[in-house]
Structures are given as structure tokens and as C-alpha cells.
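Enquirer: Chains as they are written, first to last, in my numbering: chain L, 830 to 1185; chain E, 830 to 1185; chain X, 830 to 1185; chain U, 830 to 1185.
Beta carbons: idealized from backbone N, C-alpha and C, even for Gly.
Can you read through this structure? Questions will come right after.
Protein chains: 4
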Amino acid sequence: MSSSIGENIRLTIFGESHGKAVGMTLEGIPAGLRLDMEALQRFLDRRAPGRSDASTARREADKPEFLSGVKDGTVTGSPIAAVIRNTDTRSGDYESLRTVPRPGHADYTAQVKYFGHQDAAGGGHFSGRLTAPLCIAGGICLQLLAREGIRVLSRIAAIGGVEDEGDLTVSTADRDFPTVSEERGQAMLAAIREAKAAGDSLGGIVECAVLGLPAGLGDPIFGGMENRIAALTFGIPAVKGVDFGAGFAAAGMRGSEHNDPFTLKDGQVVTAANRAGGILGGITTGMPLRFRAAVKPTPSIAMPQHTLDLASGKETTLQIAGRHDPCIVPRAVPCVEAAAALAVTDALLGRRKERS
Amino acid sequence: MSSSIGENIRLTIFGESHGKAVGMTLEGIPAGLRLDMEALQRFLDRRAPGRSDASTARREADKPEFLSGVKDGTVTGSPIAAVIRNTDTRSGDYESLRTVPRPGHADYTAQVKYFGHQDAAGGGHFSGRLTAPLCIAGGICLQLLAREGIRVLSRIAAIGGVEDEGDLTVSTADRDFPTVSEERGQAMLAAIREAKAAGDSLGGIVECAVLGLPAGLGDPIFGGMENRIAALTFGIPAVKGVDFGAGFAAAGMRGSEHNDPFTLKDGQVVTAANRAGGILGGITTGMPLRFRAAVKPTPSIAMPQHTLDLASGKETTLQIAGRHDPCIVPRAVPCVEAAAALAVTDALLGRRKERS
Amino acid sequence: MSSSIGENIRLTIFGESHGKAVGMTLEGIPAGLRLDMEALQRFLDRRAPGRSDASTARREADKPEFLSGVKDGTVTGSPIAAVIRNTDTRSGDYESLRTVPRPGHADYTAQVKYFGHQDAAGGGHFSGRLTAPLCIAGGICLQLLAREGIRVLSRIAAIGGVEDEGDLTVSTADRDFPTVSEERGQAMLAAIREAKAAGDSLGGIVECAVLGLPAGLGDPIFGGMENRIAALTFGIPAVKGVDFGAGFAAAGMRGSEHNDPFTLKDGQVVTAANRAGGILGGITTGMPLRFRAAVKPTPSIAMPQHTLDLASGKETTLQIAGRHDPCIVPRAVPCVEAAAALAVTDALLGRRKERS
Amino acid sequence: MSSSIGENIRLTIFGESHGKAVGMTLEGIPAGLRLDMEALQRFLDRRAPGRSDASTARREADKPEFLSGVKDGTVTGSPIAAVIRNTDTRSGDYESLRTVPRPGHADYTAQVKYFGHQDAAGGGHFSGRLTAPLCIAGGICLQLLAREGIRVLSRIAAIGGVEDEGDLTVSTADRDFPTVSEERGQAMLAAIREAKAAGDSLGGIVECAVLGLPAGLGDPIFGGMENRIAALTFGIPAVKGVDFGAGFAAAGMRGSEHNDPFTLKDGQVVTAANRAGGILGGITTGMPLRFRAAVKPTPSIAMPQHTLDLASGKETTLQIAGRHDPCIVPRAVPCVEAAAALAVTDALLGRRKERS
């Protein structure tokens, strides 16, 4: 199994890109949570395609229908199920994927794994479209966390080698193209347009912070916040790396540089710096939890590519015709937030069991 | 819960650094696997302290006693339990950790999480010593994988900013201080000695490769090889980042650079390059699975550090007296291999269920 | 969590009786299983209401829509999701359930558990209607098992104190009102009609057998076939007891009576009798797996009942107006088969991991 | 896997009857629980053999050694591990079990399941001795529950067809041979002695009640208290049936007889009777939770039995020489309490997550 995760809440994601629907079930959200459906829709809209020239022209409203677990806008306590119907499906574009796998896509591995029975169109269950139900679940968790004073923020830290400048703040996260430096954001957009014109694509880095966390969330060893967040974040197709706090940069530091000294601030135990990314021993320190996700360049590119025709065993040139994002990093931003929100909610509810 | 992981095999790790013992239970290893106990011990010895001047002087043999699940060297099918008694415990060194938390350690977060009831000595359940049972479990899996023609290799890719050169090969992995370039290895050792002399510590990067994997292992979304390996690897204390294939570097690439073209080699479907690290859509491609783990510098350093006395609420200077590794990267190498072996074994056994 | 179960396959059930839909997700069914949708519908029809005067007049077609995981009638390997829309909902009948809980129903406990936020109409997530998605999942498993030569059969062993006679056979199970003795079946139907006329209801016992099982399925201790089947069967509302083989009668036997002697038959190891119900140490022996489920009388009865008005704190008399089965035992039969099929499929797939 | 269970606490049981040790790990017990080790030992002593002529002469102290998770008698929060060394092992008695399986035992099924690699002596991992670690875990939970005002009681409801009389009360449960009617208890003991003299054995029924439970514990569908308790109780070897409240007797009742009317008592919502066994819709009502476990007669009997020699394929007569309980029902009593305590603790901690 694979499409389920969580210990104190449990998310299952189902659906195929060009099947009838994508959807999710989410168990364990406490009864009585009042959902702001408009806020949830705004969150989903951040992931939806077609918002800028950085994204695919495929247009789908991504309006979830709640089948259970929510009544008159309030969580009932029983499993929440929501589906998004697929409307703009064009299976014809994808007929050949079984025999001519697209480089960088899961076409070949899906073929092997499912012995040729996979629903290949549009990547099927491996499609980025499966992040829509992830965002439904994450969006519900964001509302639960907000009630506890916890906020999840993100920014685009880099695209195509262009790095953002400055520190992630609340105001950054509200932007449509969330960079701290507007000028760097413009440079990223220019790079995306240039890559698109060349029939190519770009990768990038999303940085995420969770503010307002109490100390004491998470578990030692395999239940650490790093493990939980990574296990969810790698569920976003195209994420190929996750690090926390100083992360990979920590590998080049000395202990005297990396250790965050404990101190008091307004009567609270804090650390003077936050190289640990708010996590020590897997457990939150109460400082902002910070992590980054590396997003590979969109594998679907317009320029011709070499690949193999599995039927003939001959090499061939593939030209992908569909509509594709030249850079999915902007759309990955809410997905990373959703992953973080799910992991934090799971740990937060788990924490309630531990009171002695 | 936290100290358990796995879907088709199930590992539970228990113990505290200065308690009676550390140990593990491992369920799901198929009956009949013949264990080479000497090979297992050699694997554990790679993790044990005291092998070089890079590591702590604390000396413990790390000889596991198998309590169940193994009879006359063969796996019986019922849960395997093994313990390593703690012999060289010096609780006195750690008396003050409850009130004066060491920067970069889990002392403070453990205190909050367990409401002051944690076994604080030596980091308790958060100690690096808990990687010994991880290596018992991983060492068993390595033997299972070897029978299937699967090999797990690692090297030290960087320490203290000194990077290794060349490509990881089988011969590299057999070295005591596993770098490809012996000269770079010497430079790393020199950097460690220098940091030690300064009362400081260094971090680094471990690179791991799994060879001989069939295509088709792993699951979409949350059960991907990336998710599984990350969830296990972040269980090693001090790991702060994990990436796969080109990883964080992929964020700066174009699709045309990053996509690995499919081709045939000796009648097998392969990719001409391996930026994907052997994983597409979470599923193995059959190419070597490659990932890196970023290890932070050892938080225990000899030089005085600022921290807070939680009892008095006053800042204080802490001088850590115990014996500590100036760089744990060499000892982390087998731990990363253990994590990889566990994840791959879990996926490999899971794959057997899928035959249609 | 609660509405999920399974180790090698994973079932999640969602929905409320009078909400938009009930449904299920099912992960882990191997790709390539060809589903006979008409056979599945016939199986679901056995559970559906309105087939005889023993059941409620509420009429719903129980036609599942498959949203994912099945393409052109073949399982794709990714999660299967199916929903049944609720069409014949009459919420008005149930307005008062929050304050005047029906005896024998979950109205009061749901109210406490969900702090008043439950979807109360028709029992919500606690309704017998939730066995429809159980039967979708179980029906899929029955087809998987049939391919392996495994058959699940049931009969009504007793209703309202009238006991069936003779032994369960394949031909029995095909009947509409599955008793071995037709005459006893008539007596049961007469008892149901009599109870209905009196505004009362009857309970009964369902007996189930699984034929064609290989020896070696199941696990020791908590993964035994008894544990697995019981954990699923108690998921059917109204089941209050489960026993295996001689079951409760074994408590009155001597060892010399209860022990089944091993012997050979057609070159196979069998037992001369089957008091063990085909399970020893939690593991299948290869003999028919036999168990019984005790079903309580339908709590919804037409005659006036004493209960409490939670709002006023006063006792009151409740007269339930809706349409209700005077005896749900006949409709429970396919549900018990579904539970058995799910448990056996889970164990069967798990068995594949164990080959050494 | 099999030997692990639990959602909010997680128990893993390991060991073989005649291996080095039996033991358990238990995760999720909140830090700070002060354990009364003498009370725990008294609880374990109730399960230990050799207390009366009803039990085997094998004598083992069953003194657990806590390896982790408990410091100075207080739960630390990290996984609890405890082992009991096997001292009185006589492997010689069991040499022939691989080829001449004992009727009613798991010898044959273990052989099939583990492809002949099982540790056969004394039943290995299938031995009743594995209930010792179950009782360690259950005994810890009993102490946790006691702090919440929850008490678990049991009695022997029947042995060898002799039924107890009267209702289970607190005073009953404290008895060495816990029956309500002392005279019936004497009759049971006489029946056991008589069976023993005949080289035979007896089964029986254990009845268990949990008092002081709040309403609202447990979950709908598969997480009901029935499912949880059954999944644990069937983990006790020899249990072949579990029912709740009126249980199998409910099958013969009418709705008007079985439904428990709601009423008020001392300002609390209660039911006037308790045919539901304190559970509606899987959720506790606040009334005593009542269930029964049917225990089959000890399969090891002294009289000669027919069985098969798997090596020769010939039928043979088996005479079991070891020391065996003529009736294990008295020793099953604390095991049933342990199973109940584990299930209730799991649900109780889970309940904390649900506060909205």
C-alpha cells in the first residue's frame, strides 16, 4: 500500500489523472471543527493550473464535493471523503505512453509495477493531479492548526538557479508568486518564460516554515518531525530532496557554528539562532519549524527527447504534445504547505495522548 | 509512537544510552534465512565507537544477544528480538542535563516531551547509541538482500567542507574510511583532527547506492522509495537532509538536462544517465538507487557553550566533559546503509504481494 | 481512527446513512484482476433491502460507481474507490434522535463521542447502510479468492431461536434464504412475520465457511485468522459474538473430544474432524475455516419503548416510525461473507511475503 | 506480521517457549506513570503455573526484567521493553513435534507456515507461555486504568460444563479461583481433578467486566470496542469465541427484550439493563463493559491420541509426556484481563485526540 499515511489522522488518496475523479478520505479530524469552505477553495486555487504563464493551460476548477464527514460546514467526526471530478480529460494525448515512456516520468515504472494494467493516461495515479486531494486534506488541517495559533508559510526559494533573497515572513507568503524579493521573483518568471520558449522546463526550491508550534511535538527515532514531514513531502511528485534548518549546509558547518544556544525571550525558552529548523531529536523546540523541498524540473518538455519504444525495442524520438507547466514550483508551494500541515496536525493530535 | 516502522517488515527500537540495554524487535523476515553472524558482527563493528581517532573513546563491544526468532543461526519466522547490554555507562557525567540542556541535543525537547520523566543520561532514547539496534536490523536485511543479488554501498561524500572525488564503486565501500579518493579521505581526517584539537566538531554527507534492484519496487505517493528511505534515514540522529539522484542540484537543472533518456543495454531497459537516482514516481527503475544524507556536526563539543539553566532561568556556560566523536559521519555510514537496507527489504517483500 | 482495516490490503469505509453517499477505498488488490461487475452487483443485491418481507421497505439500488482503480473492468493496481449515492433519504424521520436516543442504537454513544456534531440522520456513520461499501470490498475479494479456488459460503444457522438443521454445503449457500433445511427456513420466516406483526424484531446466527484454503495462512498471536476475522466481523453493526469451530461449545468439551486427529486423505494432511474450525495457533490447517456470528435483534422496533429525553432529563416513550427490518440476519449473510473474504485475502497476500 | 497490535499504544510480543526468553515492547504509555512493581508481579503470579493442582508442574518465576522505558519505577515515555528469561526448558520432550504433530496444537500449522524452520520446542512462539509478556503489558495498563478509576474484573463462568452462579462483583475477582459461587468453584475443581486423573482436560468460559469507563470510548465500524477486544483476546491461545453483553444469547432474543432502555441514575445517563454489554455502535455507553471468552480444553492430554507421522505418512499413536495443565481456564483469567486492559487503554488514549 502506498496511498495512505498518518498515525493520528489517516489520509488516503485515490484517483487517476484522466479517470472519473481524484479524491481523498481523511480520518481522525476531531468533530466540531468548523470549515471555512471559501478559504479552503482559495487554498486549492493556489494549486490549480492556469493561474499564470508558468502553468499548464489545462483548466479545471478543482471544486471538491464532500461526500461524508462534513455537515453544514462542520466536521462530524466520521471519515471525511471528498472528490474532484475530472472534466478536462483528453486520453487521446496519452495513448502511446505504455510503449514509449516519457523520460523523467513514471510511465515505465508504472508499467512494470502494475504489469501493464495501470491507467496510463496523464500519468494515472502518478500524476501531479493527485496533489489536489492532498491539498484538500492539507487545507482542512491548516484550518485546524489556525485555531491553535499555528501558521504554515512558504516561499519560492529558487527557480532555475535564480535564488530569492531575504527571510520568509508572513507577508511574503500571501503573494501570488511568493518570493521575498519582488525583483528576484520577476527574474524567476523571466527564466520560466525563457525556458518555455525553448520548449524546456525548470526546477526549484520551496521553503516552508511553521510558526506558533509548541515545544514537544513529534517522537524520537522514526516518528520525528523530520521523518513525518519528509514522508509526506516526498509524496508530492517531483520532490527529490528535503532538508531541515541548515540542512545540507549543516554538513559543512562546525558544531560551534551549528549549535543553537538556548536562551530566554519574554520568559520563553528559545534558541538564539535556528540552524536546527525548530527540531531537536525529532521533537519541536518551539522555534519556527523550517524545511526546504527540492523540486525537479517538469519532465514533460516540448522539445524532442530520446527514449525507447518498448514494443519495438528501438530508440525513438518523443515529442510531447500536451499542455504542461514549464515550471511546477509555484504550484508545488501549497502542496508543500499541505504536507507540512498534515504532519504537524498528526503530531499535534498525537501529543494529546501523552499527558501523564 | 515513534520507535516502530515498516509495512511488510516491522522494526521496533528500544533502549536508553545509559539504561540496561538497547535492542530491537524485527518482524516479517521470512523463515529460513541463514544468518552469517560473523558478517553481522563485522557490520556492527563499523558503527561501533573507538575505531579511529575520529570517534569517541567510549568502548563497547556491541555484541547483540538474540533472544528469539533465530535458532542455530537460521531465522525461524517469529519475531526476532536482540539486545545489546550497556556496560560502559557513566551516568554521573550527565546529571545536569535536565536543567542545563546541551545546545544541539535533544535534552530540552525530551524534557518537554516527557514532562521531565525521560531517562536523561547520555541522551537516553535519543542517543546515537540507538543506531546500534538499527544496524542489527539493517544488517539482517543486508544479508537477505545479498541473497537476491542486491548490494548496498556507501561512501563519505564530504566532511567539514572537504568533498570526495570520483564515483562510488564497490571497492570504495569496503574501505575503513570509505572515500573514493584516498587523498580526499586523508584531508577529511586531517580536518577532523584539527576540529578535535579546537574542541569543535564537523558534519558531512554520506552517499549511498543500492545496486542490483529490480524495477518495480515501491509504491506511488506516500509509499515511494524516497518516502520510505527518508522516513528511515531521518531516524538516524543528526541527519538533517536527504536527497535522491541529482537531489537539490536538480532544482537548478532544466528538464532537458535532468530527464534520463530510456535506452536498452544488454537487452535490459536502462536509462542513459541516472539523475533520477533510480526512482521514478516512487518506483525503482532498475538503475542504481542513489541518495545522500546530510549529517550535522556532532553537537557535543569540548569548547564552552552558552546555554540556559532551566532551574534558575539564567544563562550559563556549559563545558561538556564526556567522550565524544568530533565527527560522527564515519560511524553514520553503516547506519545509512542499514536504513536503506530496511526500506528496500520492506519494498521487496511488499512487491511479492502484487503478482497478479 | 476506526473505519480503516487491513495489513496487506487496506479498506477504508466512509459515508453516512442519509448523507450524500457511502463508499470505500481499497488498496492492495493486485493489478490485473478482472472484475465481473454483474457478479459483484448480484452479491451486493443480496445485502440490499426490499428483497423479502423480512427486510425494510426502503429501496435503494446500491449501484456502486467506481471512481478509480478499475479500468475497463480490470483492477489497475492503484487504490480502488467506489461510492453509492444515497437517494432515498428521509432526514425528517430522524430529527429527534439527538435528544431522544433509540434504545439499542448508537444514537447516544455517537452523541457523546462526537460532542453532538455527528450526522445523526438514520444512524449516520453507524448505520447498517455502511455495510454496502463493506460488501463492495468483500465482493472484490471474493472474486480474487475464486481465482485461487477459494470459496466463501454462509447459511442462516438460527433466527429467533429456530435453528437450522444439517451441514452447510455449497448448494445451501446459493439459496435466497440460505438454510440447509427448507422447513426450518420456513419456520424462521414465520417467526419473522410474527415478530413484525407484533412490532418486534428477531436476532439470529450466521454460520460461514471458507473452502479451498491452503494450510499456512494467518499469523501467530494477534495476526491469527480468528483475530483478523473477528476484527472485521464485529465491524458489522449488530454482531455481538463470534466463535470458531466448536467455539463456545468447546468450553464444555474434553480435550479428547475436541482435539482433531491428524490423518491423510488423498495424500493430503487433514484432520478427521474439524472442531478447530480449520485454525490452529491462528494459522489455517487446510480444513474448512468455520465460524459463526451472533446477530442481535434489530433495535428499531415499532412498539413503544421507554427511553430518556436528554434535553429535558425526563423519561419518555419513543415510537419509531421509519421502515425497518424486523430481522436483519438474512441481509447480514453477505456482510459476514464479505468480512471473511477480506480477512482471508489479507492473509493470502501476506503469505506471499513469507516464502524463504 | 502478527505479534504487534494497537493504535495508540503498540505492543509487540516476542519469544519462544523454550528459547532464551519471552518478552515484549510497549510504546505509547504516557511518561510519568508510576508503576507498582509488586502489584505487577502479583498480577503476573496469577498467570504463572504451579499455583494449584489445576495447572502444570512446570515452575518458572516469571520475573520480568525491564530493559528500557522505566526508570526508578516510573515510565519514562520511551518504549518499554521487558523480558522473562526461560529457565526451566526441556527441549528433549519436544524433539518429535516436527514430524508427529500433537492434535489441537499449532505444531503442524507452524511447520507449514515457517517451512520447517520454526523453533518447535514447547510450541515455540505459539506457546501459552507467550501470554506472560501479554500480562506484563496488560498489567501496566491495569495500573494506568486504575488511576482513571477504571477496574477490570473477571471470573470463571464455566469449566467442563459446570457453570458459576450469581453476578460478577469486585469481591469475586479477588479470589484465587475466581467464581461467585464457592460451591460451584469446588465443583469445577473436582471436575478438573477428575479429568486429570483420566488423562484428559477441560475447557471453560472466562467472563470479564470493565467498570468505571466513561461513555464515548471506541470508534465506529472496525475500531469498535468489540473489534479491539476481540482482536486482542483471540491472541490468547485456546480462545475460540468472544461475545459481548448478551452475546450469543442475543441471537435468540426479541428487540423488545434485548434493547436496554435509557434512564437517569444519580444524574447520569445509564441503561436500565445491560444486554449491550456497555457497547453501542462500538462505543462505550458508560455501563460496565462485559464480555466472555470461550477457552477450549487444553490440547495436551496424557491419554494416547491418534495422529499422523509426517515423515512416514503413517498414522501413529502419540502419548504426550510433558507436564501440562488439565485446564488452563484459571490461568487464562488474568490474560483476558490483560487483553481487556490493553484494548481499553488504547481507546482511552485515542479518546484524548478527539476533543474538539
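What do you get for residue 1093(X), buried or exposed, if any count of 16 or more other CB atoms within 10 angstroms of its CB means buried?
Expert: It counts as exposed.
Enquirer: List in chain order: all unbroken beta strand (DSSP E) runs of 3+ residues lying wholly within the stretch 1056–1143 of chain X.
Expert: 1068–1073, 1091–1094, 1097–1100, 1118–1124, 1134–1138, all fully within the stretch 1056–1143 of chain X.
Enquirer: Kindly say whether residue 904(X), judged by its beta-carbon, lies nearer than 8 Å to any beta-carbon of chain L.
Expert: Answer yes: the Cβ-Cβ gap between residue 904(X) and chain L drops below 8 Å somewhere.
Enquirer: Should residue 1140(E) and residue 998(E) be called a contact, given that it needs their Cβ atoms to be closer than 8 Å?
Expert: Against a cut-off of 8 Å, the Cβ pair of residue 998(E) and residue 1140(E) comes out as no contact.
Enquirer: Could you check how far apart the C-beta atoms of residue 1123(E) and residue 1079(L) are, in whole angstroms? I think they sit under 8 Å.
Expert: About 6 Å separates the two Cβ atoms, so the contact holds.
Enquirer: Report the residues of the stretch 1032–1050 of chain U with a CB closer than 8 Å to any CB of chain L, ordered along the chain.
Expert: The stretch 1032–1050 of chain U vs chain L, Cβ under 8 Å: 1049.
Enquirer: Got a sec? Which residues, its chain only, sit under 7 Å from residue 1020(L) by beta carbon, not counting five neighbours each side?
Expert: Only 988, 989, 991, 1031 meet the Cβ criterion.
Enquirer: In this structure, how does DSSP classify residue 1004(E) when only helix, strand and coil are distinguished?
Expert: Three-state result, residue 1004(E): coil.
Enquirer: For residue 1178(E), go through chain X and note every residue whose CB falls closer than 7 Å to its CB, in chain order.
Expert: Going along chain X in sequence order, the residues near residue 1178(E) (Cβ under 7 Å) are 1182.
Enquirer: Over what stretch of residues does the beta strand (DSSP E) that includes residue 1188(L) continue unbroken?
Expert: Within the shown structure, residues of chain L are numbered from 830 to 1185, placing residue 1188(L) beyond reach of any answer.
Enquirer: CB residue 911(E) to CB residue 896(E), shorter than 8 Å?
Expert: Cβ distance < 8 Å, so residue 911(E) and residue 896(E) count as in contact.
Enquirer: Compute the Euclidean distance between the alpha carbons of residue 1002(L) and residue 865(E), then round it to the nearest angstrom.
Expert: Those two C-alpha atoms are separated by around 55 Å.
Enquirer: Kindly provide the ranges of any beta strand (DSSP E) runs that are 3 or more residues long and lie completely inside the stretch 965–994 of chain U, ordered along the chain.
Expert: Here the runs fully enclosed are 980–988.
Enquirer: For residue 781(X) and chain U, any beta-carbon pair shorter than 8 Å?
Expert: The requested residue 781(X) is not part of the displayed model; chain X covers only 830 to 1185.
Enquirer: Quick one: what's got a C-beta closer than 8 Å to residue 978(X)'s C-beta in the same chain, skipping five residues either side?
Expert: So the list reads 1041, once near-sequence residues are dropped.
Enquirer: Who are the Cβ neighbours of residue 973(L) in its own chain at under 7 Å, not counting the five residues just before and after it?
Expert: Correct list, in chain order: 858, 862, 1174.
Enquirer: Using 8 Å as the cut-off, can you tell me whether the stretch 1047–1054 of chain L makes contact with the stretch 1045–1054 of chain E, which would need three or more C-beta pairs spanning the two stretches below that distance?
Expert: Because the criterion of three Cβ pairs below 8 Å is not met, the stretch 1047–1054 of chain L and the stretch 1045–1054 of chain E do not touch.
Enquirer: Taking residue 785(U) and residue 1089(X) to be in contact with their CB atoms under 8 Å, please state how far apart those CB atoms are, rounded to whole angstroms.
Expert: Nothing in the structure corresponds to residue 785(U), since chain U is present only between 830 and 1185.
Enquirer: If you measure from the beta carbon of residue 896(E) to each beta carbon in chain U, is any gap under 8 Å?
Expert: Answer yes: the Cβ-Cβ gap between residue 896(E) and chain U drops below 8 Å somewhere.
Enquirer: Please compile the residues from chain U whose C-beta is within a distance smaller than 8 Å of the C-beta of residue 805(E).
Expert: Absent from the structure is residue 805(E), since the part of chain E shown begins at 830 and ends at 1185.
Enquirer: Comparing alpha-carbon positions, which option in 845(E), 907(E), 905(E), 966(E) lies nearest residue 914(E)?
Expert: For the residues 845(E), 907(E), 905(E), 966(E), the minimum Cα distance to residue 914(E) belongs to 845(E).
Enquirer: Taking C-beta pairs closer than 8 Å, name the residues in chain E that residue 843(U) reaches, listed in chain order.
Expert: By Cβ distance, chain E contributes 854, 896, 897, 898, 907, 908, 909, 910.
Enquirer: Contact criterion: CB-CB distance below 8 Å. Does residue 857(X) meet it with respect to chain E?
Expert: Cβ-Cβ to chain E under 8 Å: yes for residue 857(X).
Enquirer: Buried or exposed: residue 1017(L), going by 16 or more other Cβ atoms within 10 Å of its Cβ?
Expert: Classification of residue 1017(L): buried, given that the 10 Å Cβ count is 16 or more.
Enquirer: Is the Cβ of residue 1089(X) closer than 8 Å to any Cβ of chain U?
Expert: Yes, its Cβ sits closer than 8 Å to a Cβ of chain U.
Enquirer: Three Cβ pairs or more, each shorter than 8 Å: is that satisfied between the stretch 1149–1162 of chain L and the stretch 1114–1131 of chain E?
Expert: Too few Cβ pairs lie closer than 8 Å, so no.
Enquirer: Taking C-alpha atoms, which residue in 1025(L), 878(L), 907(L) lies nearest to residue 1047(U)?
Expert: It is 907(L).
Enquirer: Taking the alpha-carbon positions, what's the residue 954(X) to residue 939(X) distance?
Expert: Their Cα atoms are separated by approximately 9 Å.
Enquirer: Measure the alpha-carbon distance for residue 1109(U) versus residue 905(L) and round it to whole angstroms.
Expert: So the two alpha carbons sit approximately 18 Å from each other.
Enquirer: Whose C-alpha, out of 836(L), 1044(L), 1154(L), is nearest the C-alpha of residue 1084(E)?
Expert: Out of 836(L), 1044(L), 1154(L), 1154(L) has the C-alpha closest to the C-alpha of residue 1084(E).
Enquirer: When you check each C-beta in the stretch 1129–1140 of chain E against every C-beta of chain L, which residues fall closer than 8 Å?
Expert: Answer in chain order: 1129, 1130, 1132, 1134, 1135, 1136, 1137, 1139.
Enquirer: Where residue 961(E) and residue 1147(E) are concerned, what is the direct C-alpha to C-alpha distance, given to the nearest angstrom?
Expert: Their backbone Cα atoms lie some 28 Å apart in a straight line.
Enquirer: Closer than 8 Å, CB to CB, is residue 837(L) near chain U or not?
Expert: Chain U, which has a Cβ nearer than 8 Å to the Cβ of residue 837(L), makes this yes.
Enquirer: For the alpha helix (DSSP H) that residue 1179(E) lies in, which residues bound it at each end?
Expert: It spans 1158–1181 - the alpha helix (DSSP H) in which residue 1179(E) sits, taken as one unbroken run.
Enquirer: Alpha carbon to alpha carbon, what distance is there between residue 1005(X) and residue 985(X)?
Expert: Cα-Cα distance, rounded: 11 Å.
Enquirer: For residue 915(U), decide whether its Cβ has a neighbour in chain X, counting only Cβ atoms nearer than 8 Å.
Expert: With 8 Å as the cut-off, residue 915(U) does not count as an interface residue toward chain X.
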